[in-house]
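Each step along the sequence shown adds one to the number in our numbering, with nothing skipped, and position 199 is 1613.
Think of the CB as a built atom: it goes at the ideal place given N, C-alpha and C, for glycine as much as any other residue.
This one's a predicted model, so the numbers in the text were calculated from it and none came from an experiment.
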Amino acid sequence: MPVAYDFEGKAIFKKKFDIPEEIVKSHSFIFVAEGLTYESEIKINNNFIASHTGAFTPVIAPLSDGIIGISNEAEINLGSELNFRNTLPLSDQINYSKVYGGVNKDIYLIAVPKLYVLTNSMKYTIDNLLSVKIRNIVEIKSADLQSYLDTSVSNEFFVQTKFLRKQDAAESAESGKTGFTIGSNNSIKIENDLAINNPLFWTPEQPELYILKILITDKHENLIDEYEIETGFTNLAKRGGQIYLNGKQIQLNGINYYEDQPKYASALDYADVEKDIRNIKMLGFNSLRVPGRSAHPYIVKICNRLGLFLMEEIPFNELNDYYIDDEKYVRSALNSLADIAERDKNSPCIFAWGLGNDFDVSKESSLNYIKNAVSLTDSLCKRFTYYTTHAFNKDICYGEVDFTGINFYSNNFNYIKDAVTEITNKSKQPGRKDAALFVSAYGLNIENGNSNGYSDINSQEAQMKFLSETFPKISQVMTGNFISSYADWNAENPLNHSLDKNPYLRTNGLLTFNREFKRSADFVKKVINKEDMPRIQEGNFVQEFPYVFIMVGVILIVILVYFVNKDKKFRSGIMRCLYKPTYFFTLVKDQMIISNPYNIFLAIIISIGNALYFSSLLFYYRENNSFDMILAKIFVNDKTKIIFSEIVNNKFYLISSITAINLLFIIFSAMFLYFISFYTKGKSFFKNIFTISVWSTLPMLLFLFVGTIFYKLVDSNPVFIKISLWTFAFIYVLYLNRIIIGTKLLFDVRTGKVYLYGIIIIMLIFALIYSYFNFFTGAIKTIDLVSILNP
């Protein structure tokens, strides 16, 4: 222990352990599990201790006397499966690192006296940098005092708080001894007031720490319990959207750190963590963020000691209003926030509490959630608050927090530059509440072995150039920025356009997953320290353009024109079907005017035309983050998504696959109508039904021409995407209308009846599709969220 595993299901952990008899008799015990993923039930010696839900919050359970004996067995029943309905975080997220199952943080028992300090809460005010006035609220708990403490004279005890400088152990201040009385198996909160004169303040440059020591003594000054933690004091303020530390304006130069390591995944190796964070400090960063989850306690400890501000957040990620309207789900998030605030409230490195990432910030329910979350953190440990989003234009929660983070998933520097300018200008408009802005994520996924020069967007040089252009621009107008990642990391779901043989790996780090420095790492160090930068190699790489779409389209158009000109009967059929579909379908029924070869030829032509259009669309979006978010919910089976991604990233596979799907759809439609024909009075041959099924799709022949040039059009102006989709929707309605007309004529069904049944069948099919993606995968909720994030 700890251990992390990539397995979704149930697991049982058991551990036998012995404790010396003298310790069992003289001590009570606290069970601590710093991280159990995801649902757990804990038993010791077959006694129920606690149940817990959550991936990143601790379980701290004082044990009743008698549970722990000399020989013991602990048992943890663990369920590690996330889902799209009610887990925190949701399953299949590609923008946040994989949530591994297991007991992935430290787990232990603390042996304590029968009267002991359970926890403390320190609140302080700073008086002109000359003095820190502290109120330390101590929670004290007792077991069976009568048996183990001398209370024959009095049951009066005393609690005292002391502060010692960590660097030299010199005592800085102590409170008076506050007396209290307590009975067996009880708890009480006591306040100690004290002040430190000429305090040493914690800063990233000088991370000064104190040892807070709490002592419980009896009337005869015998020491009963001694409780120690590392802590410190920061003097942070925000004025006019700027950050001030000890009265001096500062900026957050940050980087995101994902808890995913080569050896033990999220069961972190402490030596490797310390090495990583020392490297981050060496590179010139002063801030750290663990995106989409609460940081490991050891990361908090190292940030305290080495001097890095930490943005501490909860996994309230990528949620639409369905979840935010759910009182139970929001309560779970607030409980998680409370647990983390309680855990880390005495850590000076905590810069701000993060309330969520990329959730819908445009609804009143979101505003209520933010207000409740801010109120909660203020009551527990008043620090700055923030959330991150990339839907700033629709944000109504702006100003309820101290900072708003902007996430950029684009690899286009000009887009980010323009967006940063636009967002900054809007934040300064009259009526906007005072909230500072920072960029919480920006970076470039690359092929780690690619050194073709920055003309290749997937190269190391492109990453260097991207960061060298974006970092100064963001730093110029915002209070801080966080580069996407220190090292490469694994997403929860396979990526649609992976640039590594590992389909889960995000390659936007300054280091590889195995902690090998990329060229951009040293380059970023120079950018942060404003050093002279070496010239970045441009290279002569030419981005591949998918000319295959144009070539296939042109060839098919030539073939189609040839047959239209060659065969008058075929040409006449096309004209009649386009302009007089009812008359055409009547001729099909009575005279069978179309031969099977032409039916098959037209079906293939239209199927390939549709394939060219949708292939161009999918190929264009294959690197799009929002598109990948939706795919992650559609293809909940990882193997299926990997196969889909292999097809989408291969133009020939893509065209062939969509063509086959179109042909199968036409054949299935014909077989479905043939089946229905047995229950109608008008019987018909399968050839006629197949002809109707094929020729009803004739208006879609337009997409043979559209698909030929579509990629070129959208590459020059993405507005053509919306135009084409609306056009396709209109033509699809025409297709449905035509197949209903053809069915009416073939089966001799009354107009009203055939439309009624047709509409019912169509609505039923779409309802089943909608229900599946809404209730069984969560794709509809993600589509709704994406429409908010990307209007």
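Look up residue i in the DSSP assignment and say whether it is helix, strand or coil.
i	result
T1921	coil
Y2171	helix
P1621	strand
N1491	strand
N1786	helix
L2220	The structure shown has nothing for residue 2220, since the chain only spans 1415 to 2205.
K2195	helix
D1639	strand
K1457	strand
D1432	strand
V1978	helix
L1608	strand
G2023	helix
A1447	strand
K1585	Checking the sequence, you will find Glu at residue 1585 rather than Lys. Reduced to three states, the DSSP call for E1585 is strand.
R1929	coil
W1467	Residue identity differs from the one stated: residue 1467 is Thr in this sequence, not Trp. DSSP places T1467 in strand when its eight states are reduced to three.
G2166	helix
T1595	strand
S1442	strand
N2039	helix
F2049	coil
A1475	strand
G1819	strand
S2030	helix
A1645	A small fix is needed here, since residue 1645 is Thr in this sequence, not Ala. T1645: strand per DSSP, three-state reduction.
S2059	helix
Y1452	coil
K2217	Residue 2217 falls outside the range modelled here, since the chain spans only 1415 to 2205, and no answer is possible.
Below 8 Å on the Cβ atoms is my guess for residue i versus residue j; work out the distance and round it to an integer in Å.
i	j	result
S1511	N1904	6 Å
V1941	L1924	With 8 Å as the limit, V1941 and L1924 do not qualify as a contact, their Cβ atoms being about 11 Å apart.
I1628	Y1641	4 Å
E1588	K1603	Actually they do not touch by this definition, with Cβ atoms about 20 Å apart.
V1531	Y1538	Their Cβ separation, rounded to whole angstroms, is 19 Å, which puts V1531 and Y1538 out of contact at 8 Å.
T1802	N1821	5 Å
P1416	N1518	5 Å
D1420	V2050	About 16 Å separates the two Cβ atoms, so there is no contact after all.
P1762	W1616	4 Å
Y2149	T2111	6 Å
Just to confirm my understanding: we take residue i, look at its own chain, exclude 5 residues before and 5 after, and list those with CB closer than 7 Å. What are they?
i	result
G1967	L2026, L2118, G2121, T2122
S1566	Any reading at S1566 must be qualified, since the residue scores a pLDDT of 47, below 50, and its modelled position is unreliable; no value is offered.
S1440	Y1562
K1528	S1442, S1556, A1557, D1558, L1559, Y1562, L1563
F1827	F1880, E1883, T1884
A1709	L1724, E1726
Y1783	I1738, V1744
D1632	F1571, I1638
Using a Cβ-Cβ cutoff of less than 6 Å, which residues in the same chain neighbour residue i once the five nearest sequence positions on both sides are dropped?
i	result
K2195	N1734, Y1736
R1985	V1978
I1458	I1481, A1488
E1553	L1532, T1533, K1603
Which residues in the same chain have their Cβ closer than 8 Å to the Cβ of residue i, if we skip the five residues on either side of it in sequence?
i	result
I2019	L1970, I1973, L1974, L2115, L2118
L1909	I1508, P1917, Y1918, L1919, R1920, D2042, S2059
**Asked** What are the start and end residues of each continuous alpha helix (DSSP H) run of 4 or more residues lying completely inside the segment 2091 to 2163, in chain order?
**Response** 2100 to 2109, 2116 to 2130, 2133 to 2161
**Item:** Any beta strand (DSSP E) of 3 or more consecutive residues that is wholly inside the segment 1689 to 1769
**Value:** Listed in chain order, the beta strand (DSSP E) runs fully inside the segment 1689 to 1769 are 1701 to 1703, 1723 to 1727, counting runs of at least 3 residues.
**Message:** Check whether the segment 2064 to 2076 and the segment 2023 to 2031 touch, using three or more Cβ-Cβ pairs below 8 Å as the test.
**Reply:** yes
**Prompt:** Which ranges does the beta strand (DSSP E) cover as unbroken runs of at least 3 residues, wholly within the segment 1501 to 1578, from first to last along the chain?
**Reply:** 1521 to 1526, 1529 to 1541, 1545 to 1556
**Prompt:** Counting Cβ pairs closer than 8 Å, one from the segment 1887 to 1897 and one from the segment 1661 to 1673, do we hit at least three?
**Reply:** yes
**Message:** As an exercise, report each continuous alpha helix (DSSP H) stretch of at least 4 residues that is fully enclosed by the segment 1826 to 1913, in chain order.
**Reply:** 1827 to 1841, 1874 to 1891
**Request:** Count the CB pairs spanning the segment 1511 to 1527 and the segment 1440 to 1450 that are closer than 8 Å, and state whether there are at least three.
**Result:** Flag = yes, the segment 1511 to 1527 and the segment 1440 to 1450 touch.
**Prompt:** Does the count of Cβ pairs from the segment 1869 to 1888 and the segment 1652 to 1660 closer than 8 Å reach three?
**Reply:** no
**Message:** Does the segment 1719 to 1734 come into contact with the segment 1755 to 1770, if we say contact requires no fewer than three beta-carbon pairs (one atom in each stretch) closer than 8 Å?
**Reply:** yes
**Message:** Within 8 Å, do at least three Cβ pairs link the segment 2085 to 2101 to the segment 2139 to 2146?
**Reply:** no
**Request:** Give a yes or no on contact between the segment 1718 to 1725 and the segment 1692 to 1700, applying the rule of three or more CB pairs nearer than 8 Å.
**Result:** Under the 8 Å Cβ criterion, the segment 1718 to 1725 counts as touching the segment 1692 to 1700, having at least three qualifying pairs.
**Prompt:** Per the contact definition of three or more C-beta pairs closer than 8 Å, is the segment 1990 to 2010 in contact with the segment 2032 to 2043?
**Reply:** no
**Prompt:** Hey, is the segment 1482 to 1496 in contact with the segment 1422 to 1432, meaning 3+ C-beta pairs nearer than 8 Å?
**Reply:** Judged by Cβ distances under 8 Å, the segment 1482 to 1496 makes contact with the segment 1422 to 1432, as three or more pairs qualify.
**Request:** Count the C-beta pairs between the segment 1983 to 2000 and the segment 2078 to 2087 that are closer than 8 Å, then say yes if the count reaches three, no if not.
**Result:** Contact between the segment 1983 to 2000 and the segment 2078 to 2087 is absent, with fewer than three C-beta pairs closer than 8 Å.
**Asked** Could you give the uninterrupted runs of the alpha helix (DSSP H) lying entirely in the segment 2064 to 2093, keeping only those of 4 residues or more?
**Response** 2065 to 2091
**Message:** Does the contact criterion of 3 or more C-beta pairs under 8 Å hold for the segment 1583 to 1599 versus the segment 1455 to 1468?
**Reply:** no
**Prompt:** Does the count of Cβ pairs from the segment 1672 to 1679 and the segment 1786 to 1806 closer than 8 Å reach three?
**Reply:** no
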